[in-house]
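Trainee: Could you have a look at this structure, given as structure tokens, before my questions?
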Amino acid sequence: MKEKSILHVPLLSPGWKKVAYLFFPLPVVLVIGMALTQMDISPDESSQVIYGCWAIGFGLLNLSREKEEDEMIKSFRLQAFQTGSYWLIWGLGALMLINYLRFDRITSEIFTAYLVLFLLNAYVYAAFQYQKYMATKD
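Quick look at the structure:
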């Protein structure tokens with residue numbers, strides 16, 4: 353595959369991990385700030401702010417290079433994205449089932465792109481970290 357291909361995603365430098373970690377407390381500060389300034393924000397909107405920031409944080413972590421980026425790490429990264437997609441499907445199915453049992457309908461206000469991106473990136477990050485842990489454990 354050509355390096356200039358649209359399918360080639362360049363990884364960010366490891367320094368971006370520090371920026372990614374800022375996105376985890378940021379939405380809490382934003383939501384508290386919006387509540388203190390008495391902005392007319394609903395709980396659904398505040399949860400979307402949180403999901404969106406956390407999705408960005410996990411996305412940056414997933415796209416940041418490791419200090420030693422070898423073929424094993426590249427394989428782990430690919431497997432993590434596959435595993436994350438797999439668990440996203442099951443996680444969304446479980447949320448739909450819970451929503452149906454609770455409210456007698458499958459759709460809900462919580463099913464947004466922010467939630468899906470947050471779940472996907474969180475699952476990918478967890479799968480990648482687990483694979484690295486298992487590799488160092490052996």
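FYI, in our numbering the residues of the sequence shown are 353 to 490. Using N, Cα and C, we set each Cβ at its ideal position, and we do this for glycine too.
Is it buried or exposed, P379, if we count other Cβ atoms within 10 angstroms and call 16 or more buried?
Mentor: Here residue 379 is taken as the residue at index 27 of the sequence shown, counted from 1. So P379 ends up on the buried side.
Trainee: Please list, in chain order, all residues of the same chain as K369 whose beta carbon is under 7 Å from its beta carbon, the five residues on each side excluded.
Mentor: Reading the sequence shown from its first residue, position 17 is the one you call residue 369. Excluding residues within five positions, the ones whose Cβ falls inside 7 Å are L413, S416.
Trainee: Taking the alpha-carbon positions, what's the L411 to F455 distance?
Mentor: Here residue 411 corresponds to residue number 59 of the sequence shown, with the count starting at 1. Here residue 455 corresponds to residue number 103 of the sequence shown, with the count starting at 1. Strictly speaking, residue 411 in this sequence is Gly, with Leu absent from that position. Cα to Cα, G411 sits roughly 32 Å from F455.
Trainee: Name the DSSP bridge partner or partners of L364?
Mentor: Your numbering for residue 364 matches position 12 in the sequence shown. Note: L364 sits in a beta bridge opposite S416.
Trainee: For M386, which three-state DSSP category applies?
Mentor: Within the sequence shown, residue 386 is the residue found at index 34, counting from 1. M386: helix per DSSP, three-state reduction.
Trainee: Closer than 8 Å is the cut-off here; do at least three beta carbon pairs connect the region 375-391 with the region 432-445?
Mentor: no
Trainee: Cα separation between V390 and Y482?
Mentor: Counted from its first residue, the sequence shown places residue 390 at position 38. Counted from its first residue, the sequence shown places residue 482 at position 130. Looking at the sequence provided, one finds Gln at residue 390 rather than Val. Distance between the alpha carbons of Q390 and Y482: 42 Å.
Trainee: Taking just the CA atoms, how far does W439 sit from A479?
Mentor: Start at 1 with the first residue of the sequence shown, and residue 479 comes out as number 127. Start at 1 with the first residue of the sequence shown, and residue 439 comes out as number 87. For A479 and W439, the distance between alpha carbons rounds to 10 Å.
Trainee: Helix, strand or coil, according to DSSP, for D422 in the structure here?
Mentor: In the sequence shown, the residue the question calls residue 422 occupies position 70. Of the three classes helix, strand and coil, the one that applies to D422 here is coil, per DSSP.
Trainee: Express the C-alpha separation of Y403 and P377 in angstroms, rounding to a whole number.
Mentor: Sequence index remark: in the sequence shown, residue 377 carries index 25 (1-based). Sequence index remark: in the sequence shown, residue 403 carries index 51 (1-based). Near 12 Å, if we compare the C-alpha coordinates of Y403 and P377.
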